[in-house]
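In order, the protein sequence lines correspond to chains L and H.
Residues 0 to 346 (numbering that gives the first Met the number 0) make up the first sequence, in order.
Residues 0 to 325 (numbering that gives the first Met the number 0) make up the second sequence, in order.
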Amino acid sequence: MGRITVTKFLASLLATSAALAVMTASAIAAETPKKIGYVTNYATHEWYQNVIKGMQDRAGQLGIEFEVRDANLDVARMVSAAEDFMAQGVDVLIITPVNEEGAVPLVRRAKEDGVPLVLEGNPVSGMTTMVAICDYDTGYHAGVAAGEYARDKLGGVAKVMNVGLPLLSATVLRSNGFMDGLKTILPDATMVHDLDGGGNPDRSLEVSAAALAQNGDINIIYGINDSSSQGGLQAWKAAGKSQDGLLVVGTGGEGLGFINMMATEPSYQIEAAMFPEKVGFTSIDAAVKLFNNEAVPAHIVSPTTPMVGTDSWKQYYSVEGTTRTINWDTVNAVVPADKCMKTAADL
Amino acid sequence: MSETTQAAKPAPVLGRLAENSQIVLLGLLVLLCIGISLGSPQFYSVENIIAILRQCSLVLIVAAGMTMLLIAAEVDLSVGASLAFSGVVAMDVTNKTGSVALGVLAGILFGGAVGLFNGLVVTRLRVNSLIATIATMMILQGSVFLYSREAVQNKHQQVAFTEISTGYVGPVPIPVIIAAVVFVAAFIVLRYTTIGRYIYAVGANQKAARLSGIRPERLKLLVFVVTGLLTGLAGLILTSLMNAGQPTAGRGFELTVIAAVILGGTSLLGGRGTLIGTLLGVLVLKVIDNGIIILRWDQNLQMVVPGVVIIVATYLDLIRSRANAR
Numbered sequence: 000m001g002r003i004t005v006t007k008f009l010a011s012l013l014a015t016s017a018a019l020a021v022m023t024a025s026a027i028a029a030e031t032p033k034k035i036g037y038v039t040n041y042a043t044h045e046w047y048q049n050v051i052k053g054m055q056d057r058a059g060q061l062g063i064e065f066e067v068r069d070a071n072l073d074v075a076r077m078v079s080a081a082e083d084f085m086a087q088g089v090d091v092l093i094i095t096p097v098n099e100e101g102a103v104p105l106v107r108r109a110k111e112d113g114v115p116l117v118l119e120g121n122p123v124s125g126m127t128t129m130v131a132i133c134d135y136d137t138g139y140h141a142g143v144a145a146g147e148y149a150r151d152k153l154g155g156v157a158k159v160m161n162v163g164l165p166l167l168s169a170t171v172l173r174s175n176g177f178m179d180g181l182k183t184i185l186p187d188a189t190m191v192h193d194l195d196g197g198g199n200p201d202r203s204l205e206v207s208a209a210a211l212a213q214n215g216d217i218n219i220i221y222g223i224n225d226s227s228s229q230g231g232l233q234a235w236k237a238a239g240k241s242q243d244g245l246l247v248v249g250t251g252g253e254g255l256g257f258i259n260m261m262a263t264e265p266s267y268q269i270e271a272a273m274f275p276e277k278v279g280f281t282s283i284d285a286a287v288k289l290f291n292n293e294a295v296p297a298h299i300v301s302p303t304t305p306m307v308g309t310d311s312w313k314q315y316y317s318v319e320g321t322t323r324t325i326n327w328d329t330v331n332a333v334v335p336a337d338k339c340m341k342t343a344a345d346l
Numbered sequence: 000m001s002e003t004t005q006a007a008k009p010a011p012v013l014g015r016l017a018e019n020s021q022i023v024l025l026g027l028l029v030l031l032c033i034g035i036s037l038g039s040p041q042f043y044s045v046e047n048i049i050a051i052l053r054q055c056s057l058v059l060i061v062a063a064g065m066t067m068l069l070i071a072a073e074v075d076l077s078v079g080a081s082l083a084f085s086g087v088v089a090m091d092v093t094n095k096t097g098s099v100a101l102g103v104l105a106g107i108l109f110g111g112a113v114g115l116f117n118g119l120v121v122t123r124l125r126v127n128s129l130i131a132t133i134a135t136m137m138i139l140q141g142s143v144f145l146y147s148r149e150a151v152q153n154k155h156q157q158v159a160f161t162e163i164s165t166g167y168v169g170p171v172p173i174p175v176i177i178a179a180v181v182f183v184a185a186f187i188v189l190r191y192t193t194i195g196r197y198i199y200a201v202g203a204n205q206k207a208a209r210l211s212g213i214r215p216e217r218l219k220l221l222v223f224v225v226t227g228l229l230t231g232l233a234g235l236i237l238t239s240l241m242n243a244g245q246p247t248a249g250r251g252f253e254l255t256v257i258a259a260v261i262l263g264g265t266s267l268l269g270g271r272g273t274l275i276g277t278l279l280g281v282l283v284l285k286v287i288d289n290g291i292i293i294l295r296w297d298q299n300l301q302m303v304v305p306g307v308v309i310i311v312a313t314y315l316d317l318i319r320s321r322a323n324a325r
């Protein structure tokens with residue numbers, strides 16, 4: 000009897016273990032969505048290419064099927080792509096809104112259909128969560144780094160030409176943050192030129208050339224993205240000015256452009272890196288959390304940091320030919336802020 | 000009758016103004032220069048004059064071709080997209096071959112190929128040039144990203160490449176010299192050669208030109224190719240200036256070029272226009288652009304002013320046409 004009991008006990012133990020194993024396996028499977036759909040607003044832009052790259056990397060690591068559709072800056076296309084994804088039954092949807100108002104019905108529809116939705120980049124009324132960098136903080140920390148550089152190498156003088164983009168709150172925050180950060184080190188820092196370079200290189204070059212002709216007494220060029228800083232620097236060079244005593248600060252770290260500039264232009268010493276791949280990586284993690292009904296903050300901050308010095312980018316990226324590869328270990332080690340110092344609401 | 004009389008009333012004054020558009024433009028240019036320099040004496044600094052001339056040179060090179068096209072009653076809206084793509088090709092070929100000469104050639108020829116494509120679509124497929132070149136613009140804006148996902152940098156830091164835009168011959172920047180050569184050549188062709196006269200004839204009355212033995216399609220194809228080649232040349236200079244082939248460059252460039260040409264008195268309907276007018280149009284637009292920054296005015300005006308200029312210039316063109324018809 001005792002034997003039978005032991006045998007029965009062992010059999011039930013085995014059966015229980017098997018059942019537990021099956022339950023655990025299904026529980027693990029339930030923790031990871033099968034498919035995530037991403038509607039990007041402009042896939043041809045370097046920034047979004049790298050956001051997508053980061054999403055693909057992370058989805059690949061987690062064994063999630065991942066599909067991208069491009070709205071190509073068209074609200075109607077954004078809506079139809081998102082609706083297609085929801086009709087297909089994706090487990091989580093990620094959207095970079097073309098514009099905030101246009102995405103409001105999508106947020107409502109996703110809630111009604113029970114589809115978890117992560118927004119990337121821009122907030123939308125009624126959203127659950129958004130993954131984005133802090134623009135003000137990005138500029139602020141680059142400003143602090145620029146202040147330290149100017150204090151040590153430019154005789155403590157900071158006269159700035161801001162090649163900005165006043166139409167967008169994000170880029171205004173970067174410029175404001177840069178000046179505020181700079182003034183923490185050099186309180187007498189001044190903005191000599193506040194320009195609208197349109198965010199593109201040729202326009203930046205043109206307006207910078209005119210501004211430098213009006214008053215060339217500057218020693219720091221700040222660009223709200225890499226194209227703007229490049230345009231500003233090329234205008235400086237085209238005017239026949241020496242780069243001695245000049246500091247150029249770019250923002251974004253979007254592709255190979257800033258790496259080339261840091262490697263070849265002696266004045267290009269600081270890049271406010273925004274790690275688009277990391278934004279993508281974090282968006283997938285946020286999608287998984289939402290899928291599992293975990294609590295998430297309204298704004299999940301993706302980290303940024305200033306890279307200071309010619310070779311500083313090598314800590315975060317490696318380049319082979321025309322391909323750059325992110326070093327996930329060092330980028331994941333950059334600690335994001337809990338919340339942004341300032342947002343568009345503060346403007 | 001009374002309506003006609005009322006409508007025609009302001010025409011003689013405006014018509015006279017329109018007929019003397021180059022004098023009006025020259026006067027406007029002088030007034031602008033005086034006004035801006037009163038507000039900011041740096042306007043006349045050597046650095047600023049060089050900056051203005053360098054910017055003018057890019058627009059003028061393409062505007063020379065566009066003037067011929069508009070006179071021939073055609074238009075090319077793909078020049079901005081072609082400008083960017085040509086620059087990307089020029090930089091890429093320079094990087095791959097290590098030869099600046101080959102890069103220069105590739106960029107210019109690419110522009111020419113775009114012009115040839117536009118010309119063939121317009122003259123062989125009989126697609127309206129406005130539609131055809133908008134389509135080409137879309138094709139180029141999309142395909143440049145298929146060609147290169149990002150800006151093509153001057154990988155080998157070829158100094159000769161950057162010298163194309165930043166170099167000087169004596170005190171004169173190289174792009175200004177290139178623009179001057181293009182301008183003079185185009186001026187001679189339009190004014191003193193048979194081809195120039197044919198271009199005017201085709202634009203004024205294509206049927207009559209054909210009856211006179213001119214082959215309008217072949218002539219228009221030639222002008223499209225010339226405009227394309229000049230766009231490639233301008234793209235090369237812009238790329239040299241930025242030290243990188245930028246796929247996002249040139250957005251809105253076509254509007255600046257067309258605004259300058261129309262402002263210079265070239266008719267949208269074809270058959271009328273001069274390169275001197277175009278030169279003045281380019282100078283006026285770029286001086287306004289520069290003045291807004293020099294005077295530290297709101298830069299949004301840089302978008303507003305060309306828009307207003309296009310409307311005013313087109314209206315003056317209509318007035319002039321009515322005056323001529325009378």
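Every residue, glycine too, gets a C-beta built ideally from N, C-alpha and C.
One alpha carbon belongs to Val281 (chain H), the other to Tyr37 (chain L), and they sit about 45 Å apart. Taken atom to atom, the span from the alpha-carbon of Gly215 (chain L) to that of Lys236 (chain L) is near 12 Å. Looking at the DSSP output, Leu92 (chain L) sits in a beta bridge with L:Gly36, L:Leu116. Neighbours of Asp195 (chain L) across chain H, judged by C-beta separation under 7 Å: Gln298. Taking the Cβ atoms as the reference, Leu24 (chain H) lies roughly 7 Å from Gly263 (chain H), within the contact range of under 8 Å. Here Asn161 (chain L) is bridged, per DSSP, to L:Asp193, L:Tyr221. Taking 7 Å as the cut-off, the beta carbon of Asp284 (chain L) is found no closer than this to the beta carbon of Gly249 (chain L).
Rounded to the nearest whole angstrom, the C-alpha separation of Met302 (chain H) and Ile223 (chain L) is 20 Å. Only those residues of the stretch 28 to 50 of chain L whose C-beta falls short of 7 Å from the nearest C-beta of chain H are listed: Thr43, Glu45, Gln48.
By the beta-carbon neighbour count (other beta carbons within 10 angstroms, threshold 16), Glu149 (chain H) is buried. Using a Cβ-Cβ cut-off of 7 Å, Thr277 (chain H) does not count as an interface residue toward chain L, since no Cβ of chain L sits closer than that to its own. Within the DSSP secondary-structure output, Ala271 (chain L) pairs in a beta bridge with L:Thr250, L:Pro305. Contact annotation for Thr304 (chain L) against chain H: no contact, minimum CB-CB distance about 22 Å [criterion: below 7 Å]. Distance from the CA of Ala42 (chain L) to the CA of Lys52 (chain L), rounded to the nearest whole angstrom, comes to 11 Å. For a Cβ distance threshold of 8 Å, residue set Asn199, Pro200, Asp201, Ser226 of chain L lies close to Gln245 (chain H), ordered along the chain. 7 Å or more divides the Cβ of Ala234 (chain L) from the Cβ of Ser266 (chain L). Residues of the stretch 36 to 51 of chain H with a Cβ closer than 7 Å to any Cβ of chain L, in chain order: Ser39, Gln41, Ser44, Glu46, Asn47, Ala50. Within the same chain, Cβ atoms closer than 7 Å to the Cβ of Val103 (chain H) are found at Ala89, Leu235, the five residues on either side in sequence being excluded.
The alpha-carbon separation between Gln152 (chain H) and Ala86 (chain L) amounts to approximately 43 Å.
Taking a C-beta cut-off of 8 Å against chain H, the contacting residues of the stretch 207 to 233 of chain L are Ala208, Ala209, Ala210, Leu211, Ala212, Gln213, Asn214, Gly215, Ser226, Gln229, Gly230, Gln233, listed in chain order. Around the CB of Ala238 (chain L), 16 or more other CB atoms lie within 10 Å, so the residue is classed as buried. Taking a Cβ-Cβ threshold of 9 Å, the residues of chain L close to Ala150 (chain H) are Glu45, Pro200, Asp225, Ser226, Gln229, Gly254, Leu255, Gly256, Asn259, in chain order.
Closer than 7 Å to the CB of Gln157 (chain H) there is not a single CB belonging to chain L.
Of all residues in the stretch 259 to 290 of chain H, only Asn289 come within less than 7 Å of chain L when Cβ atoms are compared, listed by chain position. Taking one beta carbon from each stretch, the stretch 330 to 346 of chain L and the stretch 124 to 140 of chain L have 3 or more pairs nearer than 8 Å; the two touch. In the three-state reduction of the DSSP assignment, Val318 (chain L) falls in the strand class, which pools E and B. Note that the C-beta distance between Gly244 (chain H) and Thr238 (chain H) is below 7 Å. In the three-state reduction of the DSSP assignment, Tyr197 (chain H) falls in the helix class. From the beta-carbon of Phe144 (chain H), the residues of chain L found nearer than 8 Å are Thr43. When 8 Å is used as the limit between beta carbons, Gly249 (chain H) is near these residues of chain L: Asp201, in chain order. Identification of chain L residues near Ile293 (chain H) by a Cβ-Cβ cut-off of 7 Å yields Ala209, Gln213, ordered along the chain. Counting only the Cα atoms, Leu124 (chain H) lies some 21 Å from Leu268 (chain H).
With a beta-carbon spacing of about 5 Å, Trp46 (chain L) and Pro275 (chain L) fall inside the 8 Å limit used to define contacts.
With respect to chain H, the C-beta atom of Glu99 (chain L) has no partner C-beta closer than 7 Å. The criterion of a C-beta distance shorter than 7 Å is not satisfied by Ile35 (chain H) and Gly195 (chain H). In the displayed model, Pro305 (chain H) falls within a helix according to three-state DSSP.
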